[in-house]
Amino acid sequence: MEWKPEQEGLRQILTLLKESQSPDTETQRAVQQKLEELNKYPDFNNYLIFVLTKLVTEKEPTRSLSGLILKNNVKAHYNSFLPEVAEFIKRECLSAVGDPSPLIRATVGIIITTIASRGELKSWPELLPALCQMLDSQDYNVCEGAFGALQKICEDTAEKLDSDALNRPLNVLIPKFLQFFRHSSPKIRCHAIACVNYFIMGRTQALMLHIDSFIENLFHLAADEDSDVRKNVCHALVLLLEVRLDRLVPHLPNIIEYMLVRTQDPEEGVALEACEFWLSLAEQNVCREVLGPRLPALLPILVRGMRYSEMDVVLLRGDRDDDADDAEPDRESDIRPRFHKPRSHTIKHNAGAGDSNMSGGGDSDDDDEGGADGDDGSLSDWNLRKCSAAALDVLANVFGADLLPVLFPILKETLFHEEWVIKESGILALGAVADGCMGGMVPHLPDLVPYLVCCMGERKALVRAITCWTLSRYSHWIVAQSHDLYLRPVLTELLKCVLDNNKRVQEAACSAFATLEEEACTELVPYLGFILQTLVYAFGKYQHKNLLILYDAIGTLADSVGHHLNKPEYINMLMPPLINKWNVLKDEDKDLFPLLECLSSVATALQSGFLPYCEPVFRRCVSLIEQTLNQNIANNQSPEQFEAPDKDFMIVALDLLSGLAEGLDGHIDHLVFNSNLMQLLYQCMQDPLPEVRQSSFALLGDLTKACFQHVLPYIPEFLPILGMNLYPELISVCNNATWAIGEISIKLGPETSKYIPLVLTNLVEIINRPNTPKTLLENTAITIGRLGYVCPHDVAPVLHQFVRQWCSSLRNIRDNDEKDSAFRGMCQMIQVNPGGVVQDFMFFCDAVASWSHPKDDLKEMFTKILHGFKNQHAPLGHVRDIDVNTALWGTNVSTGREDIEGDGNPAGSALTRERREHVTHRNHVTYRNMSHTGTCLTPEQVTHRTECRRRPGRCFCRVMCQHTHLTTLARIFTREVPFPRASSCPESCLVPSCALCQRRPAVSAAAASLELR
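Residue 880 in the working numbering sits at position 486 of the sequence shown, and the numbers go up by one each step.
Here it is, written out as structure tokens:
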């Protein structure tokens, strides 16, 4: 018997639906309560679908609202619907697909795809055939409604549609969709393209069989008069460029010309989709070849696309001369969610400021979180301006300096244009190419940087804001130059902008200053007083959103200058406003996240200077951890009664405690003793959320260093947990667990022996695993070395399994205590099992030579091992000819002069070219290959590469060859065979007293000040 509604019940529901459209909060709350009560009645959903599909006399918004409530119920409770209710809803949906109202058709389509996404495609076998049949209807409403529903299904369940479980309906659907590419209705054409587009990235077999027909139809629609059709065509070509470039290559010249036109389409949605093409093309190997000739046409289009539209200017209030808005409170919608990045242990490398990206690995931040656009926070997350800037950025990385001859005339026109909108776009373009074209930009920066400094005083706030961002992109160069000429003026104007009366300028300046801090590091120490005065004043000036960015700038400053911040006058300026914010914020306030991050960095930097503030901070962090753990337990036991906690509170608290432990060292002892921190830490280490474990292991390592006596009783519980987290799929978790094991082993000593079986096998697997991130490799090598230091007899038997990779991993690390203990462990393992290193002994020599100033007893250990191998191991007989001190420390015995590299490291090495490429050596030097003739490097065949990159005081050359002859190399670099005279040493050589050309070159001060990246 067909279900029919009771009139009284229908009247009540209609009244409720109308009341729900009221803006009154109390009315809305009452409606929500009534809806929850009605959901208890099995046929309530029947009423909802009835209102949507049958009550054509009601207003469309009321009917549509009924459908959206039903959609929410389907999403939340569909599995508990009575079978007869579910069947009634399905029937009514199919009957209403062709409703005359576009709004009702769309709502019905949403309900259909929601049911389908609940896994009901299999139990609703008639759905897809019915919709396919409707596509052939002569009634436009039926055809469009069916296509709308199919498009939503394709979007939500693309993978299921290509499965055997459903008998691969795409084999029927794809050809069907292609038939409608030339339909008379633009709406139908648009639906058809969109449906097919959902299957491109998955390389669906059904689509690949018809790929040529698909592309042919796209070309036919390329000039369609409907903007949505053109938009979908552009989107399809972008996707095809990524997955079926082979099919597009013959047509690429024509496609490029088409995209040049579409990137200027009057409809911004079309232009944005076309602009994505350049981003995708830049990732293809053919980019330089096919796009190079068209750069003169493309770059002006991209720079024009970077201009603010008239609507943008209105929304951002950029047309106002009086742009002061810092007294206006922020709206909640202005404040983006912030996500805490858990603490991770890293090792200092022999790389300079700005080389942080050389460490490799998977956990690095992007250089510019706001993207290549300066971050227009009040606009949509992605628009034509941002896409154009991003496209120019990636193309600059593809073409490098070759881009500049085309770009410079455009910049000359825009940077000095009278219209501020055009000028602003030129400044944005200048920042967008900074990364990819830095080498070519360097000769022009002495003129451009002062120009940009002047632009920070421009009348229009949006110009001031983008100038801050662009200058930050060149901060690496600025820091390396004369402070009086560049850094000081930039810093002065940037800090003025930090206190600007416009909130957008404040935000841009604060973010740019944080970038400058990361590059400058201790170069900022002379300006700390001025910097702190500015940042502290900003506390009283900033509204909510920018205050969060200010915390980041202060934390980055602390990370950059470190202990130089630990002066009474600086502490007295900085700490009062931070502690005041700390006291004002409640435990459940998410603004605690950035504040705790900031305090973590400050505590580490201030060291003993943080002591007056440590106790209340410590106790609150412990309380936050305990509250989060308790709430999590309650949620696990009664999820309907208690909400799941936000574990970011726990993560930031753990990280701040790590900062306290690192900064205060032993002073944290009594705080740990009088708390339950160790018990809480034990729970955190077993949390299912990787970020919690990551921060827990970091804290464990820091507590081990600061107060091991409190960690010691928990070692039997902690070490097995650490061993279970040595899986590099979660890089940062594995990294911190590895580091903590190393710290514990140093403190625990020989008693570590019983735990080595829990960790050693995994550590050896990690160090030998291909493509392991560099930071994880280094921490793993140090921990293995430390285990060998305290328990050499337990680790030495497997020495041969890891010694080569161990040596390669640690050869670029700066001298420090971690490296010292690791190398002592390696020496002890070699003494226990010398046979384990025989095959890779030259790798060991190369790693030893990376030391600048080893302690005397460690140096003696190295010397003893080398002497032993000279005298005992025939396979390394060529090593007998080497003078030990010369081989290890690069000193010419007869003259006392350091070898040609100037850093105490012999250039000879057992590593082949493949292992040498892109190696960052200590003292901030990047070495490049030297050229040679023949197949084997001999003294007569070595030549000085005249094209080498260099910087003052360092020769950038490196001798290497795939067929390196170790005996010859060793003799060359111990001066037993003279290094060949390089008559071709360039006149511009910047190496003082160059060992190759034996002269001190005369170079200009300007040339000597340049430091090319």
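Just so you know, even glycine gets a beta-carbon here, dropped at the ideal spot from N, CA and C.
**Asked** Does DSSP put I1135 in a helix, in a strand, or in coil?
**Response** Helix at I1135.
**Item:** Complete alpha helix (DSSP H) runs within the segment 1206 to 1259 (minimum length 4 residues, chain order)
**Value:** Counting whole runs of 4 or more residues, the segment 1206 to 1259 contains the alpha helix (DSSP H) stretches 1211 to 1226 and 1235 to 1242.
**Own chain residues within Cβ distance below 6 Å of V843, not counting five before or after** = Y880
**Request:** Sort Q427, Y435, L411 and P436 by Cα distance to L446 and report the nearest one.
**Result:** Relative to the Cα of L446, the nearest Cα in the group Q427, Y435, L411 and P436 belongs to L411.
**Message:** Quick check on the burial criterion: 16 or more other C-beta atoms within 10 angstroms. Buried or exposed for A785?
**Reply:** buried
**Request:** Return helix, strand or coil for W518, following the three-state DSSP convention.
**Result:** coil
**Message:** Comparing C-alpha positions only, which one of V919, A855 and V873 sits nearest to A903?
**Reply:** A855
**Asked** So, helix, strand or coil for K984, using DSSP?
**Response** coil
**For F1263 and A922, the rounded distance between their alpha carbons** = First, the residue type needs correcting, since residue 922 is Leu and not Ala in the sequence shown. Going from the Cα of L922 to the Cα of F1263 covers about 53 Å.
**Request:** Would you tell me roughly how many angstroms separate the C-alpha atoms of G663 and A795, rounded to the nearest one?
**Result:** 31 Å
**Asked** Excluding five sequence neighbours on each side, which residues of the same chain lie with their C-beta closer than 6 Å to the C-beta of V1026?
**Response** According to the sequence as given, residue 1026 is Asn; it is not Val. Excluding sequence positions up to five before and after N1026, its CB lies within less than 6 Å of the CB of P1039, all in the same chain and listed in chain order.
**Message:** Taking the straight line between their C-alpha atoms, what separation do you get for L1023 and S1017?
**Reply:** Cα to Cα, L1023 sits roughly 10 Å from S1017.
**Asked** From what residue to what residue does the alpha helix (DSSP H) around S607 run?
**Response** I605 to H614
**Request:** Could you pull out every unbroken alpha helix (DSSP H) segment of at least 4 residues lying fully inside the segment 1095 to 1181, listed in chain order?
**Result:** 1102 to 1105, 1109 to 1117, 1125 to 1142 and 1150 to 1162
**Prompt:** Hey, is the segment 409 to 423 in contact with the segment 474 to 485, meaning 3+ C-beta pairs nearer than 8 Å?
**Reply:** no
**Prompt:** Alpha carbon to alpha carbon, how far is A1243 from E1212?
**Reply:** 17 Å
**Request:** Quick one: using the 10 Å Cβ neighbour count with 16 as the cut-off for buried, is G1230 buried or exposed?
**Result:** buried
**Request:** Decide if the segment 1053 to 1064 is in contact with the segment 1113 to 1122; the criterion is three or more beta carbon pairs, one per stretch, under 8 Å apart.
**Result:** Not touching, per the Cβ criterion.
**Nearest-angstrom Cα separation, counted from L839 out to P803** = 16 Å
**Request:** In the DSSP assignment, find the unbroken alpha helix (DSSP H) run with C904 in it and report its ends.
**Result:** K897 to A914
**Prompt:** How close, in whole Å, do the beta carbons of H604 and I568 come, if the pair is a contact with beta carbons under 8 Å?
**Reply:** Their Cβ separation, rounded to whole angstroms, is 6 Å, which keeps H604 and I568 in contact under 8 Å.
**Item:** Among Q527, P523, E486 and E553, nearest to S511 - alpha-carbon criterion
**Value:** That would be E553, whose Cα lies nearest to the Cα of S511.
**Span separating the alpha-carbon of P647 from that of C548** = 32 Å
**Asked** Would you report the Cα separation of H1104 and E1145, rounded to the nearest angstrom?
**Response** Taking the straight line joining both Cα atoms gives about 17 Å.
**Prompt:** Is DSSP giving Q1035 helix, strand or coil here?
**Reply:** Looking at Q1035 - three-state DSSP - the assignment turns out to be coil, as it is neither helix nor strand.
**Residue from G949, G686 and A932 with nearest C-alpha to E912** = G949
**Prompt:** Should the segment 553 to 566 be regarded as contacting the segment 605 to 621, the criterion being three or more beta carbon pairs within less than 8 Å?
**Reply:** Output reads no: the segment 605 to 621 does not touch the segment 553 to 566.
**Prompt:** DSSP on C1185, reduced to helix/strand/coil?
**Reply:** coil
**Message:** Rounded to the nearest angstrom, what separates S819 and T864 at their Cα positions?
**Reply:** 11 Å
**Message:** Please report the straight-line C-alpha distance between S954 and T916, rounded to a whole angstrom.
**Reply:** 6 Å
**Request:** Measure the beta-carbon distance from L1124 to P1084 and round it to whole angstroms, keeping in mind my assumption that it falls under 8 Å.
**Result:** 5 Å
**Item:** Local Cβ density within 10 Å of W397, reported as buried at 16 or more and exposed below that
**Value:** exposed
**Prompt:** Cβ atoms of L1074 and E1020: under 8 Å apart, would you say?
**Reply:** yes
**Asked** Do you know how far the Cα of R638 is from the Cα of M969?
**Response** 58 Å
**Asked** What's the C-alpha gap between F933 and F1012?
**Response** If you draw a straight line from the Cα of F933 to the Cα of F1012, it comes to about 24 Å.
**Item:** Helix, strand or coil at A828 according to DSSP, with G and I counted as helix
**Value:** coil
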